[in-house]
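In our numbering, the protein residues as written are 1 to 248. Report on one structure; see the data block that follows.
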């Protein structure tokens, strides 16, 4: 892990890093408290990147309000990372389908699956490197938080990596994820926008139902895909604080 830039503001240190072809950001407390800080891996949505405004705002909140360390990386083909010809073809097909009023879900499923297959080992390599930092170590509890594309990647990652002890997902409902979801047994919080114009409600409910977790909570709010209410952050903060403290 090679740190390329370091800034600090309002008690939050922001460090950009590269790890091979992976580009990421790590947010942490500017002053070392001497205690183990839980780690939150944060996945961005489709077409976004590691420093999308929502990612930055939540990361800063988790650091200042909870003392967490937050890590975000660019998904393959996102941010400054190059897209493959296959990525370009799927994006072109998605734009065409939207312009023609045709179903986009099958294209999104295929694209997300391709990205997740590439992103999961990248996230695992990133977590390996983060745990080697003297300020974090292998004893820090780890959670995952991501919606939409962040859920497609996060479900696959959480199913594959036992280091993740709690997860926040949502804004997605691909039935192709149900097999991986069934293998997940850590506590899960799932966000559903009841009038989501991009995600079929029944498929989202089916994904929530598929999680094998004994403790899982569905947060359903009225509104479209981008109309997640601001108070949802409070619920997510409480969920992460409770479960990361339990495993610390």
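For every residue, glycine included, the Cβ atom is placed at its ideal position computed from N, Cα and C.
Item: Helix, strand or coil at residue 172 according to DSSP, with G and I counted as helix; Value: coil
Item: Candidates 39, 92, 133: closest to residue 245 by CA position; Value: 39
Item: Alpha carbon of residue 74 to alpha carbon of residue 4, nearest angstrom; Value: 15 Å
Item: Contact the segment 90–99 vs the segment 57–70: 3+ CB pairs below 8 Å; Value: no
Item: Residue 87 versus residue 12: straight-line alpha-carbon distance, rounded; Value: 35 Å
Item: Beta-carbon proximity check, residue 148 vs residue 167, cutoff 9 Å; Value: no
Item: Pairwise C-alpha distance: residue 101 and residue 2; Value: 45 Å
Item: Exposure label - residue 47; buried when at least 16 CB within 10 Å; Value: exposed
Item: For residue 49 and residue 242, the rounded distance between their alpha carbons; Value: 28 Å
Item: Unbroken beta strand (DSSP E) run spanning residue 29, endpoints; Value: 22–29
Item: Given residue 22 as reference, the closest of 84, 8, 80, 53 once Cα atoms are compared; Value: 80
Item: Residues bridged to residue 221 [DSSP beta-bridge criterion]; Value: 193
Item: Beta strand (DSSP E) segment containing residue 150, residue limits; Value: Element bounds for residue 150: not the beta strand (DSSP E) but the alpha helix (DSSP H), 149–160.
Item: Buried or exposed by the 16-neighbour rule on C-beta atoms within 10 Å, applied to residue 202; Value: exposed
Item: Within 9 Å, strictly: CB atoms of residue 70 and residue 123; Value: no
Item: Enclosing beta strand (DSSP E) for residue 72 [first to last residue]; Value: 69–73
Item: Helix, strand or coil at residue 126 according to DSSP, with G and I counted as helix; Value: helix
Item: Beta carbon of residue 189 nearer than 9 Å to that of residue 235; Value: yes
Item: Candidates 103, 125, 20, 219, of which the one nearest residue 191 by Cα; Value: 219
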